[in-house]
Amino acid sequence: MTGSTVRCLEFFSGIGGLHHGVNIAGIGAEVVASFDVNEIANKVYAHNFKKEPSKKTIDRLTTKDIERYQADCWLLSPPCQPYTQGGKMKDMDDPRAKPLLHLIKLLSTLDTKPTYLFLENVKNFEISQSRKELVTQLSALGYEINECLLSPLQFGIPNHRLRYYLTARLRPHTPAGNIDDRTIHTTWPFEKEQAFDVPELADFLEPLNDDDHTFTVPSRYILRLHNFRLGIWIQSYHDQWIITANEEIRDTASLLEFGLRFLTPTEIGRLHAFPMASDSPAPSQEEEAGVPRRFFAPTGLPHLCFPEGVTRQQQYRLLGNSLNCWVVAELLRCVLFK
Numbered sequence: 094m095t096g097s098t099v100r101c102l103e104f105f106s107g108i109g110g111l112h113h114g115v116n117i118a119g120i121g122a123e124v125v126a127s128f129d130v131n132e133i134a135n136k137v138y139a140h141n142f143k144k145e146p147s148k149k150t151i152d153r154l155t156t157k158d159i160e161r162y163q164a165d166c167w168l169l170s171p172p173c174q175p176y177t178q179g180g181k182m183k184d185m186d187d188p189r190a191k192p193l194l195h196l197i198k199l200l201s202t203l204d205t206k207p208t209y210l211f212l213e214n215v216k217n218f219e220i221s222q223s224r225k226e227l228v229t230q231l232s233a234l235g236y237e238i239n240e241c242l243l244s245p246l247q248f249g250i251p252n253h254r255l256r257y258y259l260t261a262r263l264r265p266h267t268p269a270g271n272i273d274d275r276t277i278h279t280t281w282p283f284e285k286e287q288a289f290d291v292p293e294l295a296d297f298l299e300p301l302n303d304d305d306h307t308f309t310v311p312s313r314y315i316l317r318l319h320n321f322r323l324g325i326w327i328q329s330y331h332d333q334w335i336i337t338a339n340e341e342i343r344d345t346a347s348l349l350e351f352g353l354r355f356l357t358p359t360e361i362g363r364l365h366a367f368p369m370a371s372d373s374p375a376p377s378q379e380e381e382a383g384v385p386r387r388f389f390a391p392t393g394l395p396h397l398c399f400p401e402g403v404t405r406q407q408q409y410r411l412l413g414n415s416l417n418c419w420v421v422a423e424l425l426r427c428v429l430f431k
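Mapping to this note's numbering: the sequence shown position 112 is 205, numbers consecutive.
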């Protein structure tokens, strides 16, 4: 990296998880434009970053549209539905994959290509044709690529949400190599990066009154889970968690005594490592070894706050479609911009 500010374009920006990751990483980068078609997500993004994302459909962006930003870095978190295990996994045949495929093709048409590229998606993206198209194109253009499947647990956050990450840096003399021989990292740290202890889940929870049942899981939801594998994270969680399955818990009524509740939007935001307005800054990793900078962004930078009019259900949906800002920040800082 040079001393100049890295200009980033954020595609599929959602509520700005990648943008927060850039801020937390402290890599001297600026998100100069973002793109998303979700009006509610754009409302949240504009509320927090004071900058309205472009509503232009990504698969209609032209070479001229992209080049006018003079961007050094692309940040992408494309729709996961074409690849998720819970969906139909239609991959490139899913219309929601079209914007990503368009950007892949657009790369080769640019006179000045981005030096850096970062992409996040669900597990199974690594076996998709979309990923093959992306890696083939990046290799042909001279990018040095790192791929990994990592969980926030490996970064000191009690959230087992395995995700695919790709970092690519333009190095014109990099040999293309064989796409089938590529290594996908599944452990962290890679080399000498900071390792983090996993705190208790209780550290992430809000103090709720015992008589507040707003987030209580209705008993009817639990009683009908006959063949459903339900992950239950206990409050004292370190590295243990309960998986309920038909062969392990035959009577789901036995779960009622636990008083299970849903996580609140604030708690989910914390587990995604969004800087939350309600949280005090945590020590930086340089100040206290083994403690991730969760909830922390440098003074004056945006925090996640949902504007008035965004319902709780919409908050859940937006957070569910988002990513872990701390994992993004560490991969940007320790891998892509190392």
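Idealized CB from N, CA, C, for every residue including glycine.
Quick caveat, the model's predicted, so the values are computed rather than measured.
Is the stretch 169–189 close to the stretch 235–243, with three or more CB pairs under 8 angstroms? Result no; under three Cβ-Cβ pairs closer than 8 angstroms.
Rounding to the nearest angstrom, what Cα-Cα distance links C101 and I117 in this structure? Residue 101 sits at position 8 when you count from the first residue of the sequence shown. Residue 117 sits at position 24 when you count from the first residue of the sequence shown. Each residue's Cα considered, the two are about 15 angstroms apart.
Return the first residue and the last residue of the beta strand (DSSP E) that Y176 is part of. One-based indexing of the sequence shown puts residue 176 at position 83. Counting along the chain, Y176 falls outside any beta strand (DSSP E), and DSSP gives it neither H nor E.
Pick out the complete alpha helix (DSSP H) segments inside the stretch 191–255, 4 residues or longer, and give them in chain order. Note on the stretch 191–255: whole alpha helix (DSSP H) runs with a minimum of 4 residues are 191–200 and 222–233, in chain order.
Please classify E284 as buried or exposed, where buried requires at least 16 neighbouring CB atoms within 10 angstroms. Here residue 284 is taken as the residue at index 191 of the sequence shown, counted from 1. It is exposed - the Cβ of E284 has fewer than 16 other Cβ atoms within 10 Å.
Applying the 10 Å Cβ sphere with the 16-neighbour rule, what's the burial state of D290? By one-based count along the sequence shown, residue 290 stands at place 197. Counting other Cβ atoms within 10 Å of its Cβ, D290 stays below 16 and is therefore classed as exposed.
Examine the Cβ distances between the stretch 360–369 and the stretch 247–259 and report whether three or more of them are shorter than 8 angstroms. By the C-beta criterion, the stretch 360–369 is judged to be in contact with the stretch 247–259, since at least 3 inter-stretch pairs fall below 8 angstroms.
If you reduce the DSSP assignment to three classes, tell me which class H113 lands in. If you number the sequence shown from 1, residue 113 lands on position 20. Helix, per DSSP.
Kindly indicate the opening and closing residues of the alpha helix (DSSP H) around S312. As a working note, residue 312 is residue 219 in the sequence shown. First-last of the alpha helix (DSSP H) with S312: S312 to L316.
Mind pulling the alpha helix (DSSP H) runs of 4 or more residues that sit fully within the stretch 115–155? Runs of alpha helix (DSSP H) with 4 or more residues, each lying fully within the stretch 115–155, are found at 132–142, listed in chain order.
If you draw a straight line from the alpha carbon of A134 to that of F211, how long is it in whole angstroms? Position 41 of the sequence shown, counted from the first residue, corresponds to residue 134. Position 118 of the sequence shown, counted from the first residue, corresponds to residue 211. Looking at the two C-alpha atoms, the distance is approximately 21 angstroms.
Distance check for L169 and S106, CA to CA, integer angstroms please. Translated into positions along the sequence shown, residue 106 becomes position 13. Translated into positions along the sequence shown, residue 169 becomes position 76. One alpha carbon belongs to S106, the other to L169, and they sit about 8 angstroms apart.
Please report the distance separating the alpha-carbon of R275 from that of P268. Your numbering for residue 275 matches position 182 in the sequence shown. Your numbering for residue 268 matches position 175 in the sequence shown. Answer to the nearest angstrom: the Cα atoms are 13 angstroms apart.
Out of curiosity, what's the CA-to-CA distance linking L243 and T280? Position 150 of the sequence shown, counting from 1, holds the residue named residue 243. Position 187 of the sequence shown, counting from 1, holds the residue named residue 280. Approximately 7 angstroms between the Cα atoms of the pair.
Would you call A422 buried or exposed, if buried means 16 or more other Cβ atoms sit within 10 Å of its Cβ? To locate residue 422, count along the sequence shown from 1; it is residue 329. With 16 or more other Cβ atoms within 10 Å, it is buried.
Pull the bridge partners of Y263 from the DSSP assignment, please. As a first step, residue 263 must be located in the sequence shown, where it is residue number 170. According to the sequence shown, residue 263 is Leu rather than Tyr. In the DSSP output, where bridge partners are listed per residue, L263 has Y236.
In angstroms with no decimal places, state the Cα-to-Cα distance between A288 and G362. Along the sequence shown, read from residue 1 onward, the residue named residue 288 stands at position 195. Along the sequence shown, read from residue 1 onward, the residue named residue 362 stands at position 269. So the alpha carbons of these two residues sit roughly 22 angstroms apart.
Contact belief for L200 with K206 at Cβ below 8 angstroms, rounded distance in angstroms: Position 107 of the sequence shown holds residue 200. Position 113 of the sequence shown holds residue 206. The pair is a contact, with the Cβ atoms about 6 angstroms apart (cut-off 8 angstroms).
W167: which of L203, R313 and I315 sits nearest, CA to CA? Here residue 167 refers to the residue found at position 74 when the sequence shown is read from its first residue. Distances from the CA of W167 to each of L203, R313 and I315 were compared; the closest alpha carbon is that of L203.
Among I120, K149, V420 and E219, which residue has its Cα nearest to the Cα of N252? As a first step, residue 252 must be located in the sequence shown, where it is residue number 159. The shortest C-alpha separation from N252 is found at V420.
On the three-state DSSP scale, how would you describe M185? Residue mapping note: residue 185 aligns to position 92 of the sequence shown, counting from 1. When secondary structure is reduced to three states using DSSP, M185 falls in the helix class.
Could you check what DSSP says for V420 in three-state terms: helix, strand or coil? Residue mapping note: residue 420 aligns to position 327 of the sequence shown, counting from 1. Reduced to three states, the DSSP call for V420 is helix.
Classify R100 as helix, strand or coil using the three-state DSSP reduction. Indexing the sequence shown from 1 puts residue 100 at position 7. The answer is strand: DSSP assigns R100 an E or B state.
Assigned secondary structure, C398 (DSSP; H/G/I helix, E/B strand, else coil): Start at 1 with the first residue of the sequence shown, and residue 398 comes out as number 305. Here C398 sits in coil by DSSP.
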